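>
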Amino acid sequence: MVPQDGDCPDYGEFVDSDEEGDIEDVSEPLERYDQGLYYPVCIGEVLAGRYRIEHKLGWGGYSTVWMAHDVQYRKDVALKIMIPGEKGEYEYQIQNEILRTVRDTSNLVTHQGSFLLPGHGGNHHRVLVLPLLSPSLGYRAMQLPVTTRVSAVKQLLVALKGLHDVGLVHRGTPSPAILVLDFVFQTKC
Amino acid sequence: MLIQSVDLNEGALMWEMRYSLAEYDTATKYQRLGRPKKVSLGDYLWKRGELVQQVTIPLDLLGSKLYLGDFGLTIKDGTSVRIKQQAPYCFCAPERFHGADPSLASDMWSYMCLFAALYLGNNVFYGNGGGSTAFSWVEQLGAMPEQWKGRFWWPEEVNDAWYDHTTTPDPERDLAARIARMRPDTSQAERELVLSVMHKAFCYLPEHRITAEQLLQDPSFRAIIEIYQC
Numbered sequence: 000m001v002p003q004d005g006d007c008p009d010y011g012e013f014v015d016s017d018e019e020g021d022i023e024d025v026s027e028p029l030e031r032y033d034q035g036l037y038y039p040v041c042i043g044e045v046l047a048g049r050y051r052i053e054h055k056l057g058w059g060g061y062s063t064v065w066m067a068h069d070v071q072y073r074k075d076v077a078l079k080i081m082i083p084g085e086k087g088e089y090e091y092q093i094q095n096e097i098l099r100t101v102r103d104t105s106n107l108v109t110h111q112g113s114f115l116l117p118g119h120g121g122n123h124h125r126v127l128v129l130p131l132l133s134p135s136l137g138y139r140a141m142q143l144p145v146t147t148r149v150s151a152v153k154q155l156l157v158a159l160k161g162l163h164d165v166g167l168v169h170r171g172t173p174s175p176a177i178l179v180l181d182f183v184f185q186t187k188c
Numbered sequence: 000m001l002i003q004s005v006d007l008n009e010g011a012l013m014w015e016m017r018y019s020l021a022e023y024d025t026a027t028k029y030q031r032l033g034r035p036k037k038v039s040l041g042d043y044l045w046k047r048g049e050l051v052q053q054v055t056i057p058l059d060l061l062g063s064k065l066y067l068g069d070f071g072l073t074i075k076d077g078t079s080v081r082i083k084q085q086a087p088y089c090f091c092a093p094e095r096f097h098g099a100d101p102s103l104a105s106d107m108w109s110y111m112c113l114f115a116a117l118y119l120g121n122n123v124f125y126g127n128g129g130g131s132t133a134f135s136w137v138e139q140l141g142a143m144p145e146q147w148k149g150r151f152w153w154p155e156e157v158n159d160a161w162y163d164h165t166t167t168p169d170p171e172r173d174l175a176a177r178i179a180r181m182r183p184d185t186s187q188a189e190r191e192l193v194l195s196v197m198h199k200a201f202c203y204l205p206e207h208r209i210t211a212e213q214l215l216q217d218p219s220f221r222a223i224i225e226i227y228q229c
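Going down the list, the sequences are from chains A and B. Just so you know, numbering that gives the first Met the number 0 puts 183 at position 184 of the first sequence, and the rest follows in order with no gaps. Just so you know, numbering that gives the first Met the number 0 puts 94 at position 95 of the second sequence, and the rest follows in order with no gaps.
1. Along the region 135–154 of chain A, where does the CB come closer than 9 angstroms to a CB of chain B? Name the residues.
2. Where do the N-terminal and C-terminal ends of the alpha helix (DSSP H) with Asp-100(B) fall, by residue?
3. Going along chain B, which residues have a C-beta under 9 angstroms from Tyr-89(A)?
4. Would you mind telling me which residues of chain A sit closer than 8 angstroms to Lys-64(B), beta carbon to beta carbon, in chain order?
5. Taking the alpha-carbon positions, what's the Tyr-18(B) to Leu-131(A) distance?
6. Please list, in chain order, the chain B residues whose beta carbon lies closer than 9 angstroms to that of Ile-97(A).
7. Do you know how far the Cα of Lys-160(A) is from the Cα of Glu-138(B)?
8. From Ile-82(B) to Phe-124(B), what does the alpha carbon distance come to, in whole angstroms?
9. What did DSSP end up calling Val-64(A) once you bin it into helix, strand or coil?
10. Please classify Arg-51(A): is it buried, with 16 or more other beta-carbons within 10 angstroms of its beta-carbon, or exposed?
11. Label Phe-201(B) either buried or exposed according to how many other C-beta atoms from any shown protein chain fall within 10 Å of its C-beta, with 16 as the threshold for buried.
12. What is the residue span of the alpha helix (DSSP H) that Leu-40(B) lies within?
13. Whole angstroms are fine: how far does the CA of His-54(A) sit from the CA of Lys-86(A)?
14. Leaving out five residues on either side along the sequence, give the residues of the same chain with a beta carbon under 6 angstroms from the beta carbon of Ala-133(B).
15. Using the Cβ count rule (16 or more neighbours within 10 Å means buried), how would you classify Tyr-118(B)?
16. Pop quiz: Ala-175(B) and Leu-194(B) are said to be a contact at Cβ under 8 angstroms. What is the actual Cβ separation, rounded to whole angstroms?
17. Taking 9 angstroms as the CB-CB cut-off, is Met-13(B) touching chain A?
18. Identify every residue that forms a DSSP beta bridge with Glu-12(A).
19. Give the residues of chain B in contact with Glu-12(A), contact being defined as C-beta atoms less than 9 angstroms apart.
20. Considering only residues of the same chain and omitting the five flanking positions on each side of Lys-36(B), which have a CB-CB separation below 6 angstroms?
21. Does any CB atom of chain A fall closer than 9 angstroms to the CB of Cys-229(B)?
22. Where Ile-80(A) and Arg-172(B) are concerned, what is the direct C-alpha to C-alpha distance, given to the nearest angstrom?
23. For Gly-60(A), which of Trp-45(B), Gly-10(B) and Asp-106(B) has the nearest alpha-carbon?
24. Can you tell me the Cβ-Cβ gap for Ile-209(B) and Met-107(B), rounded? I've got them flagged as a contact below 8 angstroms.
25. Quick check on Arg-102(A): does DSSP put it in helix, strand or coil?
26. Per DSSP, Asp-75(A) is paired with what?
27. Within 10 angstroms of its Cβ, does Trp-73(B) collect 16 or more other Cβ (buried), or is it exposed?
28. Going by CA-CA distance only, name the one from His-169(A), Asp-9(A) and Tyr-10(A) that's closest to Ile-97(A).
29. Tell me, which residues are paired with Gly-202(A) by DSSP?
30. Are the CB atoms of Gln-111(A) and Val-145(A) nearer to each other than 9 angstroms?
31. If we count the other Cβ atoms within 10 Å of its Cβ and call it buried at 16 or more, is Tyr-203(B) buried or exposed?
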């Protein structure tokens, strides 16, 4: 049994078969777990002896992101668990470069630490320990007051200027489409 | 808003939480965030795992500070990439559909797409990266540079009229009309400021596009910020 606070541990709920499809439609593709790309995680599980998984924050082509409680320092964090291999290591390397070269990182999401998880077949998954923030809001951002949204575009420009000042191009968020495109390209080559 | 999760896009924006939930136990956190809904990944994997529905953070938990994250595709300017264009295509700069590599300038195009989405409440460009996306640029910004003709990444979708500078954009459907239609609550003066800012970043030729540093100093951009007292 994984450690949990309180008398009645809460690990969330398994949905019935009607709802399973709804979750699968909006979540990371299951086959990427079969392929050993994503690291399988359970709610309530403790990683690295200190990070108790409490919820899922999101996923992308190269990672799944989890809300976790650091039981050692009693704070909430986000854990970005990367796919194994070069692509999974890349963000760690570029974040280290950002931390080393960008003058003001106050509007950039950079890691507070990192560790490796042993994965399937001798692979390792890089885990980035990030501050807990709300993931992107999608269409819900439009429900924010316009002053908040205009403030956001200014903050975003300041953040982007910080990257551009050291010659870094952000490019965007890796999506599953990236993996597919890479695969198709490599196959053709 | 038709924002999807990849170019600099909305998926890379993260919002501060107004106050920490760390002092609460898990049950109390779930009262605020909802209990995780999940499906078992099955017994055949090498390790137990669950497919968990992503949390929806209530808007009243958000602060006003915005962060830029997700550096998994970040590269040094001048790096050549194998695949030039990138989804979501409505955020991707047009030169990248014509064989150019990502650059600081292509980031600025994508930035302005985000600016527009947050300011107007919807994306300015649309489509799947083919004819519909190119049409959405040409309809609102006018014809693309003639020197790009013949280089579009999806030849079956191409239309030579996109590069024909003898045609003029329909004033009922150009960018100015779109701004007026989507933000009818604003003054004419504010709309002109916004149009001025957008045209500086929605400039087809990347070498003529405004930089982040220039935009931060741009009088029109600063005037918009001033209106909203940010």
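All C-beta atoms, glycine included, are put in the ideal place defined by N, C-alpha and C. A quick note: this is a predicted structure, and the numbers were derived from the prediction, not measured.
For this structure:
1. Ser-135, Leu-136, Gly-137, Tyr-138, Arg-139, Ala-140, Met-141, Gln-142, Leu-143, Val-145, Thr-146, Thr-147, Arg-148, Val-149, Ser-150, Ala-151, Val-152, Lys-153 and Gln-154
2. Element bounds for Asp-100(B): n/a, residue is neither H nor E.
3. Counting only Cβ-Cβ distances below 9 angstroms, Tyr-89(A) has contacts in chain B at Phe-70, Gly-71, Leu-72 and Thr-73, in chain order.
4. Against Lys-64(B), the close residues of chain A are Asn-106 and Gln-154, in the order they occur along the chain (beta-carbon pairs closer than 8 angstroms).
5. 11 angstroms
6. The contacting residues are Phe-70 and Thr-73.
7. 30 angstroms
8. 21 angstroms
9. Under the three-state reduction of DSSP output, Val-64(A) falls in the strand class.
10. buried
11. buried
12. From DSSP, Leu-40(B) is part of no alpha helix (DSSP H); its letter is neither H nor E.
13. 24 angstroms
14. Trp-161
15. With 16 or more other CB atoms across the displayed protein chains lying within 10 angstroms of its CB, Tyr-118(B) is buried.
16. At roughly 5 angstroms, the Cβ-Cβ gap stays under 8 angstroms, so Ala-175(B) and Leu-194(B) are in contact.
17. Interface residue, yes.
18. Lys-36(B)
19. In chain order: Arg-34, Pro-35, Lys-36 and Lys-37.
20. Gln-52
21. yes
22. 45 angstroms
23. Gly-10(B)
24. 6 angstroms
25. coil
26. His-68(A)
27. Reading the sequence as shown, one finds Thr at residue 73(B) and not Trp. That one is buried.
28. Scanning His-169(A), Asp-9(A) and Tyr-10(A) for the CA closest to the CA of Ile-97(A) turns up His-169(A).
29. The first residue shown for chain A is 0 and the last is 188, placing residue 202(A) beyond what the model contains.
30. No; because the gap between Cβ atoms is not below 9 angstroms, this pair is not in contact.
31. Residue environment for Tyr-203(B): buried (at least 16 other C-beta atoms within 10 angstroms of its C-beta).
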